[in-house]
Amino acid sequence: MHILKDKVVLITGSSRGIGREIAKQCALKGADIVVNYRKTGGSSQSKAEELCREVEAMGHRAVTIQADIASKQSVKNLFHETRDKMGKLDFLILNAARAPFKPLEKLLERELKQLVDTNYLGNIFCIQAALPMLEESEGGIIFISSLGSRFYNPAYPLGSMKAAMESVTRDCAESLRGKHISVNAVCGGIVKTDSFKVLRQFWDNIETLPADLFVEPEEIADVVLFLCSEASRGITGQTIVVDKGLSNAICRMN
Amino acid sequence: MSQNLITEEKVYEELKKAIVETLRVDESSITPESSLINDLGAESLDFLDINYRLEQAFGMKMARHFVLEHIEDMFGEGAAIDEDGRLTEKAIELLKIRFGENVPDLKPGMDMDEVPALLTVKSMTQGVMDILQSLPEKCTKCGGPEWKTEDGVKIKCASCGENAAFTNGDDLIKAWLTRVQEEKKIF
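Chains as they are written, first to last, in my numbering: chain A, 1063 to 1316; chain B, 217 to 403.
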């Protein structure tokens, strides 16, 4: 079933990891895709272009647009270009994240500012700039969060930003209700993507966790698809946890 | 001593393989002098991927923290990086010992974000070699004195087959910093 046929989905930070998987799954359901990446000339640009070709091979439109969401001007350009090239936008998936891997108390002022600039302000810049198109399409916004929003993770200052964005999700869901734009979030558990390779650096025995507690990127993407579908029309302002039950149990009896 | 079971050429080959797989660059574009960031387009997450592949291949642990972070941990906050993220004179003195006098742009006031670009294929190869050379005299499990490798990358005990327990990359950097500090009294 092509639930996203003729829909345009923009995923921030989609050259790799969860964002990439969401882009692929949306394309498999019929969507045209805007692939966003931050840095010109590096590996994420080539990965973004490769993803674009994969989506095109599925028979859908795809464009790559470079933009650093921490810059308001860059975000404006991202959405102008989206309108120019795709004509509209139905779903905005806020997936991009960027953070140093150090405890909060060790962050320099500029690292703290960058943390907030990308992971809080950047997401809000995107929401603001996407609004005109989302109003026209009566589309949706989905924020990709992580369990770091509510549990301690070693050297993971991003957690506090994820918590802030889950709050923004509730706020915007109400304030955009009149415009018929849905806003929800998906909170992932431990997903084996590039970022997991960071986690394992600070969490020595993480690989001894039972395999069935690791979330597959497709499992996150499937819930994003659900939130993009008519079937989720009753859900608003919510953060749906997709963690294979990791956060449910204080103790696990094997 | 590594008993010369794994040569530098072999490490270089494995590193090239990891770079090609991670960055999807053409193998012919990689030289020992290539900067992973400036010449091969690596981004910070790519280093984790490359390190992960090397760790899986050789059965060791690469350093989790760059030398600057170790300096701060060992010699106090501000020892290597000032509040604006610029390198101190002492940090530069130390990096020159580690990367060589002739590295361009290595001067006080250098932005900390420019430091990772100093990593070359050659310096990463050396980093892996340092870890492999930490091979213990005897097997930690059975005490056997002989090591062997069947695939040219993983070193095992010749008697019981246990994987060799190398010193991890962070501990090697700490030991190196302690040695340099004793000799030169930089901090």
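Cβ coordinates follow ideal geometry from the N, Cα and C atoms, glycine included.
Problem set entry | Neighbouring residues, chain A, relative to residue 301 (chain B) (Cβ below 7 Å) | As a first step, residue 301 (chain B) is located in the second sequence; it is residue number 85 there, counting from the start. What residue 301 (chain B) touches in chain A: 1170, 1172.
Exercise. For residue 1271 (chain A), does the count of other Cβ atoms within 10 angstroms reach 16, so buried, or fall short, so exposed?
Worked result: What you label residue 1271 (chain A) is simply residue 209 of the first sequence in a count that begins at 1. Residue 1271 (chain A) is exposed by the Cβ-count criterion.
Problem set entry | Per DSSP, the bridge partner or partners of residue 1211 (chain A) | Numbered from its first residue, the first sequence carries residue 1211 (chain A) at position 149. For residue 1211 (chain A), which the question treats as bridged, DSSP gives no partner whatsoever.
Exercise. From this set, B:349, B:402, B:284, which residue's C-alpha is nearest residue 223 (chain B)'s C-alpha?
Worked result: The count along the second sequence starts at 1 and reaches residue 223 (chain B) at position 7. Closest by C-alpha distance to residue 223 (chain B), out of B:349, B:402, B:284, is B:349.
For this session: Indicate whether at least one CB of chain B lies closer than 8 Å to the CB of residue 1184 (chain A).
Result: The residue you call residue 1184 (chain A) lines up with position 122 of the first sequence. With a threshold of 8 Å between beta carbons, residue 1184 (chain A) makes no contact with chain B.
For this session: Can you tell me which of the three DSSP states residue 394 (chain B) falls into?
Result: By one-based count along the second sequence, residue 394 (chain B) stands at place 178. In the structure shown, residue 394 (chain B) sits in a helix (DSSP, three-state: H, G or I).
Exercise. Given that residue 1256 (chain A) touches chain B, what residues does it touch there, using C-beta distances under 9 Å?
Worked result: Locating residue 1256 (chain A) in the first sequence gives position 194, counting from the first residue. Below the 9 Å Cβ cutoff, chain B contributes 261, 262, 264, 265 as neighbours of residue 1256 (chain A), in chain order.
Problem set entry | Residue range of the unbroken beta strand (DSSP E) whose run includes residue 1284 (chain A) | Position 222 of the first sequence, counting from 1, holds the residue named residue 1284 (chain A). That residue, residue 1284 (chain A), is in no beta strand (DSSP E); its alpha helix (DSSP H) goes 1279-1289.
Exercise. Shorter than 8 Å from the beta carbon of residue 1128 (chain A) to some beta carbon of chain D?
Worked result: Checking the listed chains, one finds no chain D in this structure; the protein chains it contains are A and B.
Exercise. Hey, is residue 239 (chain B)'s beta-carbon within less than 8 Å of any beta-carbon in chain A?
Worked result: Walking along the second sequence from the start, residue 239 (chain B) turns up at place 23. Residue 239 (chain B) counts as touching chain A.
Problem set entry | Residue of A:1293, A:1165, A:1236, A:1145 minimising C-alpha distance to residue 1124 (chain A) | Locating residue 1124 (chain A) in the first sequence gives position 62, where the first residue counts as 1. Ranking the options by Cα distance to residue 1124 (chain A), first place goes to A:1145.
For this session: Counting only the same chain and skipping the five closest in sequence on each side, list residues whose C-beta sits under 7 Å from that of residue 266 (chain B).
Result: In the second sequence, residue 266 (chain B) corresponds to position 50, counting from 1. Here residue 266 (chain B) has 234, 235, 238 as same chain residues with Cβ atoms under 7 Å from its own Cβ, once five neighbours each way along the sequence are excluded.
Exercise. What number of angstroms, rounded off, separates the C-alpha of residue 1149 (chain A) from the C-alpha of residue 1101 (chain A)?
Worked result: In the first sequence, residue 1149 (chain A) corresponds to position 87, counting from 1. In the first sequence, residue 1101 (chain A) corresponds to position 39, counting from 1. Going from the Cα of residue 1149 (chain A) to the Cα of residue 1101 (chain A) covers about 25 Å.
For this session: Report yes or no: do the stretch 1148-1168 of chain A and the stretch 1176-1189 of chain A share at least 3 C-beta pairs separated by less than 8 Å?
Result: Verdict: yes, contact present.
Problem set entry | Per-residue burial, residue 1086 (chain A) [other beta carbons within 10 Å of its own, 16 or more giving buried] | Here the question's residue 1086 (chain A) lines up with position 24 in the first sequence. With 16 or more Cβ atoms within 10 Å of its Cβ, residue 1086 (chain A) is classed as buried.
Exercise. Terminal residues of the continuous beta strand (DSSP E) containing residue 1099 (chain A)?
Worked result: The residue labelled residue 1099 (chain A) in the question sits at position 37 within the first sequence. Under the DSSP assignment, residue 1099 (chain A) falls in the beta strand (DSSP E) whose first and last residues are 1094-1099.
Exercise. Where residue 1064 (chain A) and residue 1177 (chain A) are concerned, what is the direct C-alpha to C-alpha distance, given to the nearest angstrom?
Worked result: What you label residue 1064 (chain A) is simply residue 2 of the first sequence in a count that begins at 1. What you label residue 1177 (chain A) is simply residue 115 of the first sequence in a count that begins at 1. Cα to Cα, residue 1064 (chain A) sits roughly 37 Å from residue 1177 (chain A).
Exercise. Do residue 1094 (chain A) and residue 1122 (chain A) come within 8 Å of each other at the CB atom, strictly closer than that value?
Worked result: If you number the first sequence from 1, residue 1122 (chain A) lands on position 60. If you number the first sequence from 1, residue 1094 (chain A) lands on position 32. Yes, Cβ-Cβ distance for residue 1122 (chain A) and residue 1094 (chain A) is below 8 Å.
Problem set entry | Spatial distance of residue 232 (chain B) from residue 1257 (chain A) (CA atoms) | Here residue 232 (chain B) corresponds to residue number 16 of the second sequence, with the count starting at 1. Here residue 1257 (chain A) corresponds to residue number 195 of the first sequence, with the count starting at 1. Each residue's alpha carbon lies about 22 Å from the other.
For this session: Counting only the same chain and skipping the five closest in sequence on each side, list residues whose C-beta sits under 6 Å from that of residue 1140 (chain A).
Result: Stepping through the first sequence from its first residue, residue 1140 (chain A) is reached at position 78. Counting only residues of its own chain and dropping the five nearest sequence neighbours on each side, residue 1140 (chain A) has a CB closer than 6 Å to the CB of 1127, 1129.
For this session: Please classify residue 1246 (chain A): is it buried, with 16 or more other beta-carbons within 10 angstroms of its beta-carbon, or exposed?
Result: Translated into the one-based positions of the first sequence, residue 1246 (chain A) becomes position 184. With 16 or more Cβ atoms within 10 Å of its Cβ, residue 1246 (chain A) is classed as buried.
Exercise. What are the uninterrupted segments assigned as alpha helix (DSSP H) that are 4 or more residues long and contained completely in the stretch 247-291 of chain B, given in chain order?
Worked result: Taking 4 residues as the shortest admissible run, the stretch 247-291 of chain B contains the following complete alpha helix (DSSP H) segments, listed from N- to C-terminal end: 260-274, 283-291.
For this session: Name, please, each residue of chain B whose Cβ falls closer than 9 Å to the Cβ of residue 1105 (chain A).
Result: Position 43 of the first sequence, counted from the start, is the residue given in the question as residue 1105 (chain A). What residue 1105 (chain A) touches in chain B: 238, 239, 240, 241, 256, 257, 258, 259, 261, 262.
Exercise. Alpha carbon to alpha carbon, how far is residue 292 (chain B) from residue 1264 (chain A)?
Worked result: Translated into the one-based positions of the second sequence, residue 292 (chain B) becomes position 76. Translated into the one-based positions of the first sequence, residue 1264 (chain A) becomes position 202. Between the C-alpha atoms of residue 292 (chain B) and residue 1264 (chain A) there is a straight-line separation of about 21 Å.
For this session: Using a Cβ-Cβ cut-off of 8 Å, state whether residue 314 (chain B) counts as contacting chain A.
Result: Counting from 1 along the second sequence, the entry for residue 314 (chain B) is found at position 98. For residue 314 (chain B), the answer is no, since every Cβ of chain A falls outside 8 Å of its Cβ.
For this session: Would you please verify whether the beta carbon of residue 228 (chain B) is less than 8 Å from any beta carbon of chain A?
Result: Walking along the second sequence from the start, residue 228 (chain B) turns up at place 12. Taking 8 Å as the CB threshold, residue 228 (chain B) stays off the interface with chain A.
Exercise. Can you tell which of B:262, B:274, B:259, B:258 has its C-alpha closest to the C-alpha of residue 228 (chain B)?
Worked result: Counting from 1 along the second sequence, the entry for residue 228 (chain B) is found at position 12. Comparing C-alpha distances from residue 228 (chain B) to each of B:262, B:274, B:259, B:258 shows the shortest one belongs to B:274.
Exercise. List, in order along the chain, the chain B residues whose C-beta lies closer than 8 Å to that of residue 1097 (chain A)?
Worked result: Your numbering for residue 1097 (chain A) matches position 35 in the first sequence. Result: empty, since nearest Cβ-Cβ is about 16 Å, beyond 8 Å.
For this session: For residue 1098 (chain A), count neighbouring Cβ atoms within 10 angstroms of its own Cβ and tell me buried if that reaches 16, exposed if not.
Result: As a working mapping, residue 1098 (chain A) is identified with position 36 in the first sequence. Buried, because 16 or more other Cβ atoms sit within 10 Å of the Cβ of residue 1098 (chain A).
Exercise. Name the chain B residues whose beta carbon is nearer than 7 Å to that of residue 1259 (chain A)?
Worked result: Here residue 1259 (chain A) corresponds to residue number 197 of the first sequence, with the count starting at 1. Within chain B, the residues near residue 1259 (chain A) are 264, 265, 268.
Problem set entry | Beta bridge counterpart(s) of residue 1156 (chain A) as assigned by DSSP | Here the question's residue 1156 (chain A) lines up with position 94 in the first sequence. Answer by DSSP bridge pairing, in chain order: A:1205.
Problem set entry | Sub-8 Å separation of residue 366 (chain B) and residue 374 (chain B) beta-carbons | For this step, residue 366 (chain B) is matched to residue 150 along the second sequence. For this step, residue 374 (chain B) is matched to residue 158 along the second sequence. Contact flag unset, no.
Problem set entry | residue 1223 (chain A) versus A:1209, A:1254, A:1236, A:1243, residue with shortest Cα-Cα distance | Position 161 of the first sequence, counted from the start, is the residue given in the question as residue 1223 (chain A). Taking only the C-alpha atoms, the option nearest residue 1223 (chain A) is A:1209.
Exercise. What residues in its chain sit with their C-beta under 6 Å from that of residue 1090 (chain A), if we drop five residues either side in the sequence?
Worked result: By 1-based counting over the first sequence, the position of residue 1090 (chain A) is 28. If we look at residue 1090 (chain A) and ignore the five residues flanking it on each side, it has no Cβ neighbours.
For this session: Taking residue 1263 (chain A) as the query, report the chain B residues whose CB atoms sit under 8 Å from its CB, ordered along the chain.
Result: Position 201 of the first sequence, counted from the start, is the residue given in the question as residue 1263 (chain A). Within 8 Å Cβ-Cβ: 264, 280.
For this session: For residue 382 (chain B), collect the residues of the same chain with a Cβ closer than 6 Å to its Cβ; drop the 5 residues on either side in sequence, then sort them by chain order.
Result: One-based indexing of the second sequence puts residue 382 (chain B) at position 166. Excluding sequence neighbours, residue 382 (chain B) sits near 276, 347, 350.
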